[in-house]
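In order, the protein sequences belong to chains G and P. The opening residue of the first sequence carries number 7 in my numbering; numbering runs sequentially from there. The opening residue of the second sequence carries number 23 in my numbering; numbering runs sequentially from there. The next block holds one structure in the form of structure tokens; read it before the comments.
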Amino acid sequence: MTSSRAPERTGSPASARASAPPLAVRRWVPAALLTVPVLFLAAFFVLPVSRIVALGLAPDGQLELGVLGRVVTDPAVRRVAWFTLWQAAASTLLTLVIGLPGAYVLSRMDFPGRNALRALVTVPFVLPTVVVGSAFLALLGPRSPVNDLLVALFGDGAPTLDLRRTVTAILVAHVFFNYAVVVRTVGGLWAHLDPRIEDAARVLGASRWRVFREITLPLLRPAIASTATIVFLFTFTSFGVVLILGGATRATIEVEIHRATTQLLDLPLASALALLQLAAVVAALAVYGRLQRTAATHRLVGATVGVRRPRTRGERAFLGANLAVIAGLLVAPLLVLVERSFVTPTGYGLANWRTLVGTQPDTLLAVAPWEAVRNSIGFGIAATVVALLVGGLAATAATLRDDRVSGLVDRALMLPLGTSAVTIGFGFLIALNRPPLDLRGSPLLVPLAQALIAVPFVVRTLVPVLRSIDQRLREAAATLGARPLRVWREVDLPIVGRAVLVAAGFSFAIAVGEFGASVFVVRAQLPTMPVAIFRLLGRPGVANFGQAMALSTLLMLVTASAILLIDRLRVGQVGRF
Amino acid sequence: MKLVHRTHRPRRGRPGPRALAAALSVALLLVACGSDDPAGDDASADGEQEDATQATDPDDATDEATDADEAADTEEADAAPASDVTLTLLTHDSFDVSSDVVAAFTEETGIDLQLAPVGDAGTLVNQAVLTRDAPQGDVLFGVDNTFLSRALEADLFVPYRSPELDAVDPRFVLDPEHRVTPIDHGDVCLNYDVAWFEERDLDVPEELADLTDPAYAGLLAVQNPATSSPGLSFLLATVERFGEDGYLDVWEQLVANDVVVTNGWSEAYYEEFSATGEGDRPLVVSYASSPPAEVYFADPQPDTAPTGVIEASCFRQIEFAGILAGTPHEEEAQQLIDFLLSPTFQEDVPLTMFVFPVREDATLPDVFVEHAVVPDDPLELDPEVIGEGRERWVEAWTTTVLRG
Numbered sequence: 007m008t009s010s011r012a013p014e015r016t017g018s019p020a021s022a023r024a025s026a027p028p029l030a031v032r033r034w035v036p037a038a039l040l041t042v043p044v045l046f047l048a049a050f051f052v053l054p055v056s057r058i059v060a061l062g063l064a065p066d067g068q069l070e071l072g073v074l075g076r077v078v079t080d081p082a083v084r085r086v087a088w089f090t091l092w093q094a095a096a097s098t099l100l101t102l103v104i105g106l107p108g109a110y111v112l113s114r115m116d117f118p119g120r121n122a123l124r125a126l127v128t129v130p131f132v133l134p135t136v137v138v139g140s141a142f143l144a145l146l147g148p149r150s151p152v153n154d155l156l157v158a159l160f161g162d163g164a165p166t167l168d169l170r171r172t173v174t175a176i177l178v179a180h181v182f183f184n185y186a187v188v189v190r191t192v193g194g195l196w197a198h199l200d201p202r203i204e205d206a207a208r209v210l211g212a213s214r215w216r217v218f219r220e221i222t223l224p225l226l227r228p229a230i231a232s233t234a235t236i237v238f239l240f241t242f243t244s245f246g247v248v249l250i251l252g253g254a255t256r257a258t259i260e261v262e263i264h265r266a267t268t269q270l271l272d273l274p275l276a277s278a279l280a281l282l283q284l285a286a287v288v289a290a291l292a293v294y295g296r297l298q299r300t301a302a303t304h305r306l307v308g309a310t311v312g313v314r315r316p317r318t319r320g321e322r323a324f325l326g327a328n329l330a331v332i333a334g335l336l337v338a339p340l341l342v343l344v345e346r347s348f349v350t351p352t353g354y355g356l357a358n359w360r361t362l363v364g365t366q367p368d369t370l371l372a373v374a375p376w377e378a379v380r381n382s383i384g385f386g387i388a389a390t391v392v393a394l395l396v397g398g399l400a401a402t403a404a405t406l407r408d409d410r411v412s413g414l415v416d417r418a419l420m421l422p423l424g425t426s427a428v429t430i431g432f433g434f435l436i437a438l439n440r441p442p443l444d445l446r447g448s449p450l451l452v453p454l455a456q457a458l459i460a461v462p463f464v465v466r467t468l469v470p471v472l473r474s475i476d477q478r479l480r481e482a483a484a485t486l487g488a489r490p491l492r493v494w495r496e497v498d499l500p501i502v503g504r505a506v507l508v509a510a511g512f513s514f515a516i517a518v519g520e521f522g523a524s525v526f527v528v529r530a531q532l533p534t535m536p537v538a539i540f541r542l543l544g545r546p547g548v549a550n551f552g553q554a555m556a557l558s559t560l561l562m563l564v565t566a567s568a569i570l571l572i573d574r575l576r577v578g579q580v581g582r583f
Numbered sequence: 023m024k025l026v027h028r029t030h031r032p033r034r035g036r037p038g039p040r041a042l043a044a045a046l047s048v049a050l051l052l053v054a055c056g057s058d059d060p061a062g063d064d065a066s067a068d069g070e071q072e073d074a075t076q077a078t079d080p081d082d083a084t085d086e087a088t089d090a091d092e093a094a095d096t097e098e099a100d101a102a103p104a105s106d107v108t109l110t111l112l113t114h115d116s117f118d119v120s121s122d123v124v125a126a127f128t129e130e131t132g133i134d135l136q137l138a139p140v141g142d143a144g145t146l147v148n149q150a151v152l153t154r155d156a157p158q159g160d161v162l163f164g165v166d167n168t169f170l171s172r173a174l175e176a177d178l179f180v181p182y183r184s185p186e187l188d189a190v191d192p193r194f195v196l197d198p199e200h201r202v203t204p205i206d207h208g209d210v211c212l213n214y215d216v217a218w219f220e221e222r223d224l225d226v227p228e229e230l231a232d233l234t235d236p237a238y239a240g241l242l243a244v245q246n247p248a249t250s251s252p253g254l255s256f257l258l259a260t261v262e263r264f265g266e267d268g269y270l271d272v273w274e275q276l277v278a279n280d281v282v283v284t285n286g287w288s289e290a291y292y293e294e295f296s297a298t299g300e301g302d303r304p305l306v307v308s309y310a311s312s313p314p315a316e317v318y319f320a321d322p323q324p325d326t327a328p329t330g331v332i333e334a335s336c337f338r339q340i341e342f343a344g345i346l347a348g349t350p351h352e353e354e355a356q357q358l359i360d361f362l363l364s365p366t367f368q369e370d371v372p373l374t375m376f377v378f379p380v381r382e383d384a385t386l387p388d389v390f391v392e393h394a395v396v397p398d399d400p401l402e403l404d405p406e407v408i409g410e411g412r413e414r415w416v417e418a419w420t421t422t423v424l425r426g
């Protein structure tokens, strides 16, 4: 694993890391490290989900599986399942096609404002779907700027583009939300690829496209595979986007689970759908596991090594095209929200902001914005700590001993991404309500639910970097007398510190934006920003809508600042040795 | 990930654990500040309401003073009478109450009130049914007539007849056994954009049957009854108005008349409705109290509401509260029900929740007197009839309107 191994398939995964676990790490260490992630998953995922599914399938203690057959053969369910599957696949593909060039630009090209832009593209990831849905309805509806332009060009008879309640709207919104996943996960690895391999190939006469196809792409494959899996799981369980932008005629399995649980109280149906969802997710993770197994390892370099300014006209055009995509697809919807926060019945003004910051009605559930910000940040940090602990241990174990068990745990930790928020949320309520785990009403449930979603990102970010650490460094340290813990502290941690911060930033963003399972457990007096926005949007009164937009703008600012701050922190340097 | 422009930190590695530790402390601190409950651990002794914020904080300015008071209260907890109890009120997202009203309740009874809002009315009831064996609260507020039968069938509540019920219009008392107590009512009605109809010199539709008139084609936005509470009420209104034999025909005609269906109230009201945003439809399903809300929240407040209500389209929603079976604080829960029916609370509901009090002697705020409509004879359906037909009607509606 130490040489810049040729990136073709290595056949047996073991051979790639044959020399990996020689150090004085005892055999039981990886297993011991795995206990925390395993317990975490057992208590906060397996237990709640199995309790709620069991309640649906065995209401009287007697297992009744008849409903499974009924559900699977129901044409309406099949239609929903098929739609769920293909829209997720299409969204994933589209996100990769649009996101990969963006990942390259933001990780390998140097241009003014790059860091700010990288923080900005993460913002969509945390915004509540209700708010984004509203922005997209404005951008895709008959009064959109595009249609204004068409009217300006062709007069009143111009064709109007109305994409509201279409699949296109869903796909575009999915790209909007998940662009950051590609940029951060793939871009994170891309920044550390040794550019000399590519340069060598170029010198030997390979075209740019060939270099990308035969060198860069294989090297990036583990990151692309995990990104694709994450985006697939996210869009497979899409809820708000489908509800708001897809119109009433489209539904995902997630929507149907929500409906069966919160409206129909048809638990057998909900459980059967949850199992269907789980089966699909397990299948997706199995594919992912295969892709990961054939991944090559290689040496990584410092993030700065491969970064340079665009030199040729083609490169500048490439950069420009990507910036245009970012502007149109990501920044425009954000700007709509900002603009709307300044719209008042009498034209543009600061009224919404004044009301938001100033005279809140003195009621129990009225939320001063700074309180919502404080709660969001507090829960976000707590969730980040939990996610770093659980994910960090899982990633370390996976690096120390790359076997079936740690691979299984790694994939199992991704299950919550593909599981219905309703299933997890209601599962929390009925499973964590008696000793020793009586967490009813506890604020702890919120960061736990959030961490469940953040852990896979931590693992995905840490594993590639941990695996890339030159084993000879560890061996050298050990030879010089360092004990394993000290080796970890002096060798691994400094190198992996950068990745830890990236993981922390992502975890924080996920926690701040999470509006799924945590909604079911969040308490009245500790509303987070998404919850406060949701409450404002649920009320009549144009001023409440304006305040919701102002609070959304605030959420963007908080997120962007947090990401910028975390990106600025540095712990050690990759490859500086 | 990041370009490195500056000199590197000399001591690599060290800030990592330290930063984490700092982050952890900050997180704990923030969360601790957020939950102003120094008695968290003590409270958990009775198995409920751990670490919950006390609902009695009047506002942030006095947070610290309150903290101190509460800490003092806790120390005296053992000596205090049985009234030193925290009740958890399970409710829906739309619930709210003025802080001073709750403070008065706590002062009078010694009972602290904690709120647990959980989604919409359907989610609230379903959650209560699923957690019946280990309830998440002591009192539930927010089950309405469209979900009442489910809550009653699940035996969620213990009966209690509040003496305050004497002041309530008997038409709101739907459960003769008093397992639930009516607290407020509202009406789901068609709202219209006053200016839109005036500008075009078009008559506002008078009742539901008018909506199928081609003159009103493309003007109406409704919500999906499978995902939205006002949407469900509007469907029930059509069932009541046109009968079980006729409502689907009317819906077919509405589809032909280009009705638009959104999944949630906000999308219909803020994105489709012409009076409140960028939308282009002047008719929307909302509430009878939406026009006064448009006036009340506007700054400056207009003399007349920009929206109006079509009275003959209104469907009555009554919201109830009940004492959850299994609460260890039944006596205090009864006090809470009395409080919810007290003039203080009843007169607070119009401007906090935009619904109408059930007490006949409650005074309405001016903005309601001037801009709100209380239909004399709204469309109503018996909760048992709703309970029996709800799923069937929603399913048939879905087939006709969405898959037709």
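Yeah, the Cβ is synthetic: ideal placement off N, Cα and C, and Gly gets one too.
Residue i versus residue j: straight-line alpha-carbon distance, rounded
{"i": "residue 415(P)", "j": "residue 249(P)", "result": "14 Å"}
{"i": "residue 154(G)", "j": "residue 364(G)", "result": "36 Å"}
{"i": "residue 255(P)", "j": "residue 402(G)", "result": "54 Å"}
{"i": "residue 184(P)", "j": "residue 391(P)", "result": "28 Å"}
{"i": "residue 228(P)", "j": "residue 330(P)", "result": "12 Å"}
{"i": "residue 498(G)", "j": "residue 238(G)", "result": "31 Å"}
{"i": "residue 401(P)", "j": "residue 165(P)", "result": "19 Å"}
{"i": "residue 549(G)", "j": "residue 167(P)", "result": "30 Å"}
Any chain G beta carbon closer than 7 Å to residue i
{"i": "residue 391(P)", "result": "no"}
{"i": "residue 158(P)", "result": "yes"}
{"i": "residue 419(P)", "result": "no"}
{"i": "residue 238(P)", "result": "no"}
{"i": "residue 369(P)", "result": "no"}
{"i": "residue 144(P)", "result": "yes"}
{"i": "residue 374(P)", "result": "yes"}
{"i": "residue 293(P)", "result": "yes"}
Outcome for residue i when other beta-carbon atoms lying within 10 angstroms are tallied against a minimum of 16
{"i": "residue 415(G)", "result": "buried"}
{"i": "residue 116(G)", "result": "exposed"}
{"i": "residue 117(P)", "result": "buried"}
{"i": "residue 235(P)", "result": "exposed"}
{"i": "residue 420(P)", "result": "buried"}
{"i": "residue 129(P)", "result": "exposed"}
Cβ neighbours of residue i in the same chain (closer than 6 Å, five flanking residues each side left out)
{"i": "residue 570(G)", "result": "125"}
{"i": "residue 344(G)", "result": "559"}
{"i": "residue 135(G)", "result": "246, 247"}
{"i": "residue 232(G)", "result": "466"}
Cutoff 7 Å: residue i Cβ touching any chain P Cβ
{"i": "residue 551(G)", "result": "yes"}
{"i": "residue 101(G)", "result": "no"}
{"i": "residue 200(G)", "result": "no"}
Close-in-space but distant-in-sequence residues of the same chain around residue i (CB under 7 Å, 5 per side omitted)
{"i": "residue 276(G)", "result": "62, 263, 266, 267"}
{"i": "residue 159(P)", "result": "110, 111, 112, 138, 346"}
{"i": "residue 261(G)", "result": "245, 248, 249"}
{"i": "residue 47(G)", "result": "418, 419"}
By the 8 Å beta-carbon criterion, what residues does the segment 140–164 of chain G contribute toward chain P?
140, 143, 144, 147, 148, 149
Using Cβ-Cβ distances below 7 Å, what residues of the segment 439–471 of chain G are close to chain P?
439, 440, 444, 446, 447, 448, 449
What are the residues in the segment 321–354 of chain P lying within 7 Å of chain G by C-beta distance?
Going along the segment 321–354 of chain P in chain order, one finds 321 with a Cβ nearer than 7 Å to chain G.
Just by C-beta distance, which residues in the segment 307–321 of chain P are closer than 8 Å to chain G?
308, 309, 311, 312, 315, 316, 318, 319, 320, 321
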